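When the sequence shown is numbered by this note's numbering, its final residue is 1143 and no position is left out of the sequence of numbers. One structure is given here, and the rest of the page talks about it.
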Amino acid sequence: MPSAPFKKILIANRGEIALRVICACKDLGIPTVAVYSEADRYSLPVRFADEAICIGPAKSARSYLDIPSIISAAEITNAEAIHPGYGFLSENARFAEVCEASDLKFIGPRPAVMQLTGVKERARAMMQEAGVPILPGSDGVIKTEEEALATADAIGYPIIVKASAGGGGRGMRIVNAAAELPGQLVQAQLEAGAAFGCDDVYIEKFIRGPRHIEFQVLADEHGNVEILGERECSIQRRHQKLLEESPSTALRPEARCRISEKLREAMQAIGYTNAGTIEFLMDESGNLYFIEVNARIQVEHPVTEMVTGIDLVKSQILIAAGETLSAVLGGPVRFQGHAIECRINAENPETFAPSPGRITALNLPGGIGVRVDTAAYTDYVIPPYYDSLVAKLIVRGHDRTEAADRMRRALDMFIVEGIHTSIPLHKRILADADFRAGKLDTNFIQRFLPREKPAHHTG
Ligand code: MV4
């Protein structure tokens, strides 16, 4: 048995993903440090990590986003590496930089690469350079109304103005005609400036009701890159994914191979390392267009784990320790069966408002092909300060039908009392004829939200 890749890992996160990282560390024989806010004192990551350090009050800005507190915790405990999870500091290039400067290995891409992927129109240009299809759009940042009008004229309406520093749907404006463009451009710039401290925007052709399909990347620190298939993430509400699956019913093997090979070359060209996700939109004709890179492990990573049998978090740690991809993967990547994930959120089923509070009763489903990633337990109190994800229910089947049937069984046996959850919504989705037929797009969820106005930006 070779020695552990790191002497100790600090997990700069909370909830189910902190616990997920602890599991990977335990499997690798690596001691862990949990950091927690005052609101998370009675959390499972605190209980199951080897050490736990309180880093501040409930508000994220003063705990999970507080770089000096986290670095201090790592230094006090002699941690050798930091896993950032998703959200919080996971895509903060400056945090990655401070880690390296403090002699702590950041488990993620290099800071310079995170800086590049964080600037959307630069990532776009880089992908185009590498031969990955992108949408018609501006050549970099749009500065003036004249530039905007000329670009939009050339590509044709509708177009979308996006914040260069955006992501997750923030700072986007759809423009249907030239008359609206000057106003929307200024609005987008103001919104971007306020939200991200940078008012750079760029323009793309707007695709109505696309599918959202993303590819999982693993890359080592020796120039080797593998693409681990795709995830279909079209079922979203307000840019929050609700249900993800792999493979996508819309992707033919030939298209999967072609895009994967292009992505492999592109990721190699930018020197991408560790885990990452490349997001695409698919139009009605089945064409894929790159939109953005997520330089982190994602919430929905278990879907890929279930069809490949590869532990992505363990892979991240081994890659960060300098292992080669072939040693990490131990052979060719094989895809088997179909996986579906339902995000169980603590939210009001009608208003989707967060529903924090005490879980008075909890039954987690199990059995063959069922996995639950959660940090919840009976009597756990969901704090109001963070996102509303309480559990991820992931199932695997030999094919999509078996996976969907298994998901319905598991949802029926998933009991959460004391708070409202998205379980009833998931039951309705799984029973839907279009869902069963694999007929999905980003407008799919609208039909399940009769009290909601359609989101203005989906057209
Ligand atoms: C788009 C688009 C249509 N055309 N870009 C939303 C989040 C961000 N990652 C990109 N987004 C979109 N970009 C062009 N050129 C539609 C969306 C979009 C969307 C994308 C994926 C999943 C759900 C969505 C919901 C609304 C809008």
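Backbone N, C-alpha and C define an ideal beta-carbon position, used for all residues, glycine too. Here the structure is a predicted model, which means the values were calculated and not measured.
Provide the residue span of the alpha helix (DSSP H) that contains G1053, from first to last.
Segment: none, G1053 is in no alpha helix (DSSP H) and carries neither H nor E.
Helix, strand or coil at T1126 according to DSSP, with G and I counted as helix:
T1126 falls in the coil class under three-state DSSP.
Length of the line joining the Cα atoms of D1118 and G1041:
Pairing D1118 with G1041, the inter-Cα distance amounts to about 34 angstroms.
Quick check on DSSP: helix, strand or coil for M1097?
Correct three-state label for M1097: coil.
Helix, strand or coil for A1037 per DSSP?
In the structure shown, A1037 sits in coil (DSSP, three-state: anything other than H, G, I, E or B).
Is it a yes or a no for the region 759 to 770 touching the region 698 to 713, going by three-plus beta-carbon pairs under 8 angstroms?
In short, these stretches touch, since the Cβ pair count reaches three.
Give me the Cα-Cα distance between K710 and Q1000, rounded to the nearest whole angstrom.
Near 14 angstroms, if we compare the C-alpha coordinates of Q1000 and K710.
What three-state label does DSSP hand G840 in the structure shown?
Correct three-state label for G840: coil.
Is it a yes or a no for the region 749 to 769 touching the region 919 to 934, going by three-plus beta-carbon pairs under 8 angstroms?
Proximity of the region 749 to 769 to the region 919 to 934 falls short of the contact definition, fewer than three beta-carbon pairs being nearer than 8 angstroms.
Taking 7 angstroms as the cut-off, is the CB of D890 close to at least one heavy atom of ligand 1?
The question names Asp, yet the displayed sequence has Phe at residue 890. Yes, Cβ of F890 sits closer than 7 angstroms to a heavy atom of ligand 1.
For V983, three-class secondary structure by DSSP:
Note: V983 maps to coil in three-state DSSP.
Once DSSP output is grouped into helix, strand and coil, what is the label at I1024?
Reduced to three states, the DSSP call for I1024 is strand.
Since A862 and L833 should fall inside the 8 angstroms C-beta cutoff, what is the C-beta to C-beta distance between them, to a whole number of angstroms?
Rounded, the Cβ-Cβ distance is 6 angstroms, consistent with contact.
Would you check whether ligand 1 has a heavy atom nearer than 7 angstroms to the C-beta of Q920?
The answer is yes for Q920.
Assign N1047 to one of two classes, buried (16 or more other C-beta atoms within 10 Å of its C-beta) or exposed (fewer than that).
Label assigned to N1047: exposed.
G1021 and R1093 closer than 8 angstroms at C-beta
No, the pair does not count as a contact, with Cβ atoms beyond the cut-off.
Regarding I826 and ligand 1, is the C-beta to nearest heavy atom distance less than 7 angstroms?
No - ligand 1 has no heavy atom lying nearer than 7 angstroms to the Cβ of I826.
Compare the Cα-Cα distances from V987 to each of A723, M798, Q873 and E898 and report the closest residue.
That would be E898, whose Cα lies nearest to the Cα of V987.
Please report the distance separating the alpha-carbon of A780 from that of I1052.
Between A780 and I1052, the C-alpha separation is close to 39 angstroms.
Thinking C-beta only, is G1006 closer than 8 angstroms to Q952?
No, these two residues do not count as a Cβ contact at 8 angstroms.
What are the partner residues of R921, as DSSP defines its beta bridges?
Residue pairing by DSSP puts R921 in a beta bridge opposite Q924.
In the DSSP assignment, what residue or residues form a beta bridge with T716?
In DSSP, T716 forms a bridge with I693.
Please look up how many angstroms separate the CB atoms of Y956 and P793, rounded, as I've assumed it's under 8 angstroms.
Between the beta-carbon of Y956 and that of P793 there is about 6 angstroms, and that keeps the pair under the 8 angstroms contact cut.
Drop a sphere of 10 angstroms on the beta-carbon of P1161, count the other beta-carbons inside from all chains shown, and report buried for 16 or more, exposed for fewer.
The question about residue 1161 has no answer here: the residues shown for the chain are numbered 685 through 1143.
Going by the beta-carbon positions, is the gap between L749 and L788 smaller than 8 angstroms?
At the C-beta level, L749 and L788 stay beyond 8 angstroms of one another.
Three-state secondary structure (DSSP) of T828
T828: coil per DSSP, three-state reduction.
Return helix, strand or coil for R1072, following the three-state DSSP convention.
Position check: residue 1072 holds Ser in this sequence, whereas Arg was assumed. S1072 falls in the coil class under three-state DSSP.
Taking DSSP's pairing of strands, which residues face Y1064 in a bridge?
Answer is none; Y1064 lacks a bridge partner.
Residue(s) in a DSSP beta bridge with R892
Residue pairing from DSSP leaves R892 without any beta-bridge partner.
Is DSSP giving R698 helix, strand or coil here?
DSSP places R698 in coil when its eight states are reduced to three.
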